[in-house]
Structure formats: structure tokens, C-alpha cells
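Add 1086 to a position in the sequence shown, counting from 1, and you land on the number used in the working numbering. The structure appears below as C-alpha cells.
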Amino acid sequence: MNRLDLLYNHRYLKYNDCIAVLPILTGAQNPVLRSKTKPIEKVTKEIKKLLKDMEETAKSAEGVGIAAPQVGRSERVCLAMINGRSAPLINPEITWKSEETDVQQEGCLSLPGIWLLVPRATAIAVRYLDEKGQLQERMLKDWDARVTQHEVDHLDGILIVDYQPEEHQTDRETAQPAL
Ligand code: NI
């Protein structure tokens, strides 16, 4: 093994040591998934590490977003795929929602095998802290807005099953299909 190999292996091991794929909690009745999260006071090293682990966890599960309760944590942090990039959202709050909504199918890493039609605002404004602790506010639309609403719901203990009508009134006519 030459010096470069050693260097490479060292980095590789270090990378693996640092980032962990976390177990994902599942089930519509799971008490952690049903709890409202608490805003964090400061973006600490520990929060950054949590976000890295969550990103790796979402990636390995082929998810486009993930929220802290899904990995058993109570901090108000999530990741949402925005513009094709996984964006960490710390203490996110949706400050505005368009009146216009649409209905699309959504899945959730915590409800494996379930795909449901969920109505969402087509545009939102979201305020949050980025990884540097800087306050950001952005306007999002379409899929970016949908993913973000799904993840912020998780931080309030809300799951996609909550948007379904009661079983006895399940009638697709009340939910407008997307296509
Ligand atoms: Ni989800």
C-alpha cells in the first residue's frame, strides 16, 4: 500500500466514522412521530452532526426529505429537497400559504408502502435558520413547497394519513385527483 492509498483509506474511514445512517421510526401511531418538536436555541456542532446523519439516512432510504422525529429526535429540524438539493431547515415556520392548492400523491419514509393523495398549498413562504444560524426566508412553489410542507408537518406531529377522510367516508370524489 503506497502513501496515497493510506491517505485515501484514512479519509474514507474517517468519513464513515463521522456519518451514520440512523434507524427510521415507522407507524402512524408512533408517539415520537406524533409529538411536536422543540425549537433549538443555537446551531451547535451536535445539531450539524444530526443534520449530516439525517441527510445520509434520507439518501440511503431514497427519501427526498426527513425530519428529526423520524430518527427519534425532538429538535425542530428537517431536511427538504429544494431545487434538487437537500436543504437543512432549522426551526422552520411556514409564514404564508397560497390559497391555491393541489392534490398529489405522497409517500413517507415512516409509513412504508403507503401512498396517499394529499392536498397542499401550491406556494409557501418558509422562515428558518440555515446551518450557519442565519435567518432565511424563501418563497417556494410546486414540488419544493409540497416537500417542505410535508417535512414541517412532521415537526408538528402531523402525518399524511391525517389528510384522509374518515374511512367510512372515503370517497375519491372529495379528493381531486392530480391527473
Ligand atoms: Ni414523511
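Backbone N, C-alpha and C fix where the C-beta goes; we use that ideal spot for every residue, glycine too.
What's the gap between the Cα of residue i and the Cα of residue j?
| i | j | result |
| --- | --- | --- |
| G1243 | E1142 | 22 Å |
| R1159 | G1113 | 15 Å |
| I1246 | S1172 | 21 Å |
| K1100 | A1106 | Per-residue confidence for K1100 stands at a pLDDT of 48, beneath the threshold of 50, marking its modelled position as unreliable; the derived number appears in the next sentence. Computed Cα separation, rounded: 12 Å. |
| P1125 | A1207 | 24 Å |
| E1259 | G1219 | Model confidence at E1259 stands at a pLDDT of 47, short of 50, so the residue's coordinates are unreliable; what they give is reported in the following sentence. Roughly 45 Å between the two C-alpha positions. |
| D1257 | E1223 | Residue placement at D1257 cannot be trusted, given a pLDDT of 45 that sits under 50; the coordinates are not used to answer. |
| W1229 | S1121 | 25 Å |
| T1181 | A1209 | 11 Å |
| M1140 | E1217 | 13 Å |
| P1251 | D1239 | 18 Å |
| E1161 | I1200 | 26 Å |
Smallest Cα separation from residue i: which of the options?
| i | options | result |
| --- | --- | --- |
| L1165 | K1135, E1185, E1186, V1118 | K1135 |
| P1221 | K1128, L1241, Q1156, A1153 | Strictly speaking, residue 1221 in this sequence is Leu, with Pro absent from that position. Considering only alpha carbons, the answer is K1128. |
| A1144 | Y1249, P1251, D1228, E1237 | E1237 |
| G1149 | P1117, E1161, I1110, T1181 | I1110 |
| L1108 | Q1250, G1219, K1183, S1146 | S1146 |
| M1225 | K1183, D1188, M1140 | K1183 |
| T1187 | K1227, K1122, D1248, M1140 | K1227 |
| Q1235 | P1125, M1167, M1140 | M1167 |
| V1189 | Q1115, M1140, Y1249, P1125 | Y1249 |
| P1155 | N1116, N1169, I1200, G1219 | N1116 |
| N1169 | R1232, P1251, D1239 | R1232 |
Please state if the CB of residue j and the CB of residue i are separated by a distance shorter than 9 Å.
| i | j | result |
| --- | --- | --- |
| L1119 | I1152 | no |
| E1185 | L1203 | no |
| C1104 | K1138 | yes |
| L1267 | T1123 | Given a span of 1087 to 1265 for the chain in the structure shown, any question on residue 1267 remains unanswerable. |
| V1163 | I1133 | yes |
Three or more C-beta pairs below 8 Å linking the region 1170-1178 and the region 1213-1231: With the cut-off at 8 Å, the region 1170-1178 and the region 1213-1231 touch.
Below 6 Å from a heavy atom of ligand 1 - residues by beta-carbon: Around ligand 1, the residues selected by a Cβ distance under 6 Å to any of its heavy atoms are C1194, L1195, S1196, H1236, H1240, following chain order.
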